[in-house]
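2 protein chains.
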Amino acid sequence: MYYQFGKVRPHLTTRSVHPENQETPIHFISFIEPVADSLFYRRSHFPYPILTPESFTLKISGSVDHALVFNYSDLLKLPSKSKRVLIECSGNKRAFFKEKVFGEQWENGAMSEGILEGVPLKTFLEYTGIKAGVSEVVFRGRDAGVKNSQYIRFERSLPISRALHPEVMIAYEYNGKPISNKHGFPFRLIVPGWYGMASVKWLNEIFLIKDKFTGPFQTDDYVYYFQNGTSEQVTTNHVNSIIQQPQDKQLVKSGTHEIFGIAWTGSGVVSKVEISFDKGDSWEQAKLKKTPKEHQTVSWSYPMEFKSATEYHISVRATDREGKTQPAEAIWNKKGYGYNAIMQITVKAE
Amino acid sequence: MYYQFGKVRPHLTTRSVHPENQETPIHFISFIEPVADSLFYRRSHFPYPILTPESFTLKISGSVDHALVFNYSDLLKLPSKSKRVLIECSGNKRAFFKEKVFGEQWENGAMSEGILEGVPLKTFLEYTGIKAGVSEVVFRGRDAGVKNSQYIRFERSLPISRALHPEVMIAYEYNGKPISNKHGFPFRLIVPGWYGMASVKWLNEIFLIKDKFTGPFQTDDYVYYFQNGTSEQVTTNHVNSIIQQPQDKQLVKSGTHEIFGIAWTGSGVVSKVEISFDKGDSWEQAKLKKTPKEHQTVSWSYPMEFKSATEYHISVRATDREGKTQPAEAIWNKKGYGYNAIMQITVKAE
Chain F
1 MYYQFGKVRP
11 HLTTRSVHPE
21 NQETPIHFIS
31 FIEPVADSLF
41 YRRSHFPYPI
51 LTPESFTLKI
61 SGSVDHALVF
71 NYSDLLKLPS
81 KSKRVLIECS
91 GNKRAFFKEK
101 VFGEQWENGA
111 MSEGILEGVP
121 LKTFLEYTGI
131 KAGVSEVVFR
141 GRDAGVKNSQ
151 YIRFERSLPI
161 SRALHPEVMI
171 AYEYNGKPIS
181 NKHGFPFRLI
191 VPGWYGMASV
201 KWLNEIFLIK
211 DKFTGPFQTD
221 DYVYYFQNGT
231 SEQVTTNHVN
241 SIIQQPQDKQ
251 LVKSGTHEIF
261 GIAWTGSGVV
271 SKVEISFDKG
281 DSWEQAKLKK
291 TPKEHQTVSW
301 SYPMEFKSAT
311 EYHISVRATD
321 REGKTQPAEA
331 IWNKKGYGYN
341 AIMQITVKAE
Chain C
1 MYYQFGKVRP
11 HLTTRSVHPE
21 NQETPIHFIS
31 FIEPVADSLF
41 YRRSHFPYPI
51 LTPESFTLKI
61 SGSVDHALVF
71 NYSDLLKLPS
81 KSKRVLIECS
91 GNKRAFFKEK
101 VFGEQWENGA
111 MSEGILEGVP
121 LKTFLEYTGI
131 KAGVSEVVFR
141 GRDAGVKNSQ
151 YIRFERSLPI
161 SRALHPEVMI
171 AYEYNGKPIS
181 NKHGFPFRLI
191 VPGWYGMASV
201 KWLNEIFLIK
211 DKFTGPFQTD
221 DYVYYFQNGT
231 SEQVTTNHVN
241 SIIQQPQDKQ
251 LVKSGTHEIF
261 GIAWTGSGVV
271 SKVEISFDKG
281 DSWEQAKLKK
291 TPKEHQTVSW
301 SYPMEFKSAT
311 EYHISVRATD
321 REGKTQPAEA
331 IWNKKGYGYN
341 AIMQITVKAE
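Residue numbers (the working numbering), protein chains in the order written: chain F, 1 to 350; chain C, 1 to 350.
Quick look at the structure:
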């Protein structure tokens, strides 16, 4: 017997109302098809910004040879690229830290994947030129509000080396339609392989700088504060996986079921997904449903016979081509980023 | 500063796809207005039954003087009653048992409240008569499937004394509209004050019996199996409450916020709701927003000033007129029913 997803209408699960933070229930993170824009997880820092004529312009200035303003129609005429990309919130799975941390209690669904179309950032910087000594590129969104008693806009930076990566783009379409209001219309920076905070929504201004950017979303939030007192900026998505079926504590009917889920990594591609029924003493390889691609999820499955009146402990771990593998326990950090411990569930056959 | 529920579209959170089990996110259990049918929590034991001509009949037989079949139009002509009623799944809050149990991992939203209209069961039994020695009334729904290797229909019983309670009704309308397909169309038994499994959906047949009913949903499921080896049938809703705002682990802005939530009980009415900021050493009374009514939730609130960079531990407990109060720890039972421990959250002001 195999489970089928039926006619249940997919939806997002609300984590907070203002600002709107919503994740995708584990049942609907299937990724066989790109997820509809309406089901793309929502993680906002401030209220949704209001659209003004200025929203349709993108200004690039700072340490450039020629400061330039691109408008929406200019931008759409530039040579574009289209790529299926996973975007995952760095707080995804935060709820699973054993020692709880403050912040949205995301479970597994603060991630989505779809086809983004846009213009490589590199293309714009070829127009503006880059002055010698530039170290970082700062991206400013139109979303704004009060943080630490100051009225600010959402800003993040990338090192110049990463900013010039050919996959970093200024996207304007999602699944063939303009990026929606809730996800950054008209422009969203896309940084494949980095956690979602890097992919600045409602992108409006870009500055090239020669020193270090120290905005609060760069040096206060989105920093791993480890237990030993050290800290490190949040960047690349950790190697990770989830079991989508069965669910933890599910009572399943006896017989053969397909255990399935997805795996992903920010660095390289997933090389294998393994499953264990003895709490990690021995591991067997799950089947990958397609050849893993960079910055995309890969579906995996494992057929399993469940015997009547028996309990099963199921663990799954992914490993990537760089040899990184999911740990038994996630590295705790004060703000709860980058959780990627092996997912473990127990299931009982009736 | 007070929180407002904004334009975020309410929805249900899926716990399982087949059968469809969905709960209401804590943000949308407000109960100021009766909850829309589409947002009423869904807890099914089997696939949704298919509507047939027989669905529109209600047969009452067994130890009666006159077995009778009522059809839909007959039933609608009988004198009806309308009442706002809370229905709560006995597995509500199951996910919070410290020692986890199998089954749907419901959090706080496996409960809903709305206005039900129907005919008291008593009225039907006056038509059929009740033979001497009747001990129980069995209710059979049209939902069916395989359980313990047998194809069965959903069946539950009530002791005759409870069946004759004037509030027990056969409902056909919810919030002024026919009860929907997903919630029992055309007839649902409503047993106010008992957990939801008693309110049999897609009600089709009623039997009066002189012995003890032993269907699996009566004597296997919906039984408290305690740690000391004793067991007890699940009946009356336990006294209970939730904090809806703020949420656990929320980072709130400093300033005055309204802490609010709801409380309810299956026996009598709620007499008080108390709040503690010192893990239960001292308690203060929250304000009830209206006079509590039987088998309905009551909203409560407490204004609180949150000081910057401070953590708050908040506990809330309800007490009912029978003197029952929420315990610090829920009574663990193997199948995870009736969880009603005091809800405790921690919040940090920025």
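Yeah, the Cβ is synthetic: ideal placement off N, Cα and C, and Gly gets one too.
None of the values given here were measured: they were computed from a predicted structure.
{"Query": "Asn148 (chain F) to Ala36 (chain C) span [Cα, whole Å]", "Result": "39 Å"}
{"Query": "Below-7 Å beta-carbon distance, Val35 (chain C) vs any chain F residue", "Result": "no"}
{"Query": "Straight-line gap, Thr128 (chain C) to Pro120 (chain C) (C-alpha atoms, nearest Å)", "Result": "14 Å"}
{"Query": "Separation of Gly336 (chain F) from Ser231 (chain F), as counted between CA atoms", "Result": "13 Å"}
{"Query": "Tyr174 (chain C), DSSP secondary structure in three states", "Result": "strand"}
{"Query": "Local Cβ density within 10 Å of Phe226 (chain F), reported as buried at 16 or more and exposed below that", "Result": "exposed"}
{"Query": "Alpha-carbon to alpha-carbon, Phe56 (chain F) and Asp74 (chain F)", "Result": "10 Å"}
{"Query": "Interface flag, His11 (chain F) vs chain C, CB-CB below 7 Å", "Result": "yes"}
{"Query": "Coarse secondary structure for Tyr72 (chain C), derived from DSSP in three states", "Result": "helix"}
{"Query": "Proximal residues of chain F, C-beta to C-beta of His27 (chain C) below 7 Å", "Result": "Thr14, Val17"}
{"Query": "Ranges of the beta strand (DSSP E) found wholly within the segment 66–139 of chain F, counting only runs of at least 3", "Result": "68–71, 81–88, 111–120"}
{"Query": "Cβ-based neighbour list, Leu39 (chain C), same chain, cut-off 8 Å, excluding 5 preceding and 5 following", "Result": "Pro10, His11, Leu12, Thr24, Phe28, Ser112"}
{"Query": "Proximity test, Cβ basis, 7 Å: Leu352 (chain C) and chain F", "Result": "Given a span of 1 to 350 for chain C in the structure shown, any question on residue 352 (chain C) remains unanswerable."}
{"Query": "Nearest to Trp332 (chain F) (by Cα), restricted to the options F:Pro19, F:Gly91, F:Ile50, F:Phe97", "Result": "F:Phe97"}
{"Query": "Residues near Glu173 (chain C) by beta carbon distance below 6 Å, same chain, minus five either side", "Result": "Glu117"}
{"Query": "Segments assigned beta strand (DSSP E), at least 3 residues, entirely inside the segment 39–64 of chain F", "Result": "57–62"}
{"Query": "Closer than 7 Å to chain F by CB, Phe102 (chain C)", "Result": "yes"}
{"Query": "Interface partners of Gln218 (chain C) on chain F, CB under 8 Å", "Result": "Going along chain F, no residue has its Cβ under 8 Å from Gln218 (chain C), so there is no contact; the nearest lies around 18 Å."}
{"Query": "Span of the alpha helix (DSSP H), counted from its first residue to its last, around Ser161 (chain F)", "Result": "160–163"}
{"Query": "Bounding residues of the alpha helix (DSSP H) (the contiguous stretch that carries Pro216 (chain F))", "Result": "216–219"}
{"Query": "Sequence-distant residues of its chain with Cβ nearer than 7 Å to Ser271 (chain C) (five each side left out)", "Result": "Thr319, Asp320, Arg321"}
{"Query": "Distance CB(Leu78 (chain C))-CB(Thr123 (chain C)) smaller than 7 Å", "Result": "yes"}
{"Query": "Buried versus exposed, by CB contacts within 10 Å (16 or more), Ser90 (chain C)", "Result": "buried"}
{"Query": "Listed by chain order, chain F residues near Gln105 (chain C) by CB distance under 8 Å", "Result": "Gln247, Asp248, Lys249"}
{"Query": "Arg15 (chain C) (DSSP reduced to helix, strand or coil)", "Result": "strand"}
{"Query": "Beta carbon of Ile87 (chain C) nearer than 7 Å to that of Ser199 (chain C)", "Result": "yes"}
{"Query": "Status (buried if at least 16 other CB within 10 Å, exposed otherwise) for His257 (chain F)", "Result": "buried"}
{"Query": "Within 7 Å, strictly: CB atoms of Val234 (chain C) and Tyr195 (chain C)", "Result": "yes"}
{"Query": "Cβ contact (3+ pairs, closer than 8 Å) linking the segment 261–269 of chain F and the segment 285–302 of chain F", "Result": "yes"}
{"Query": "Amino acids of chain C, ordered along the chain, whose beta-carbon sits closer than 8 Å to that of Lys348 (chain F)", "Result": "Phe102"}
{"Query": "Glu329 (chain F) beta carbon less than 7 Å from that of Ala341 (chain F)", "Result": "yes"}
{"Query": "Backbone secondary structure at His238 (chain C) - three-state DSSP", "Result": "coil"}
{"Query": "Beta-carbon separation (whole angstroms), Glu136 (chain C) vs Ile160 (chain C), contact threshold 8 Å", "Result": "6 Å"}
{"Query": "Cα-Cα separation, Phe139 (chain F) to Ser82 (chain F)", "Result": "21 Å"}
{"Query": "Where the beta strand (DSSP E) containing Ala318 (chain C) begins and where it ends", "Result": "311–320"}
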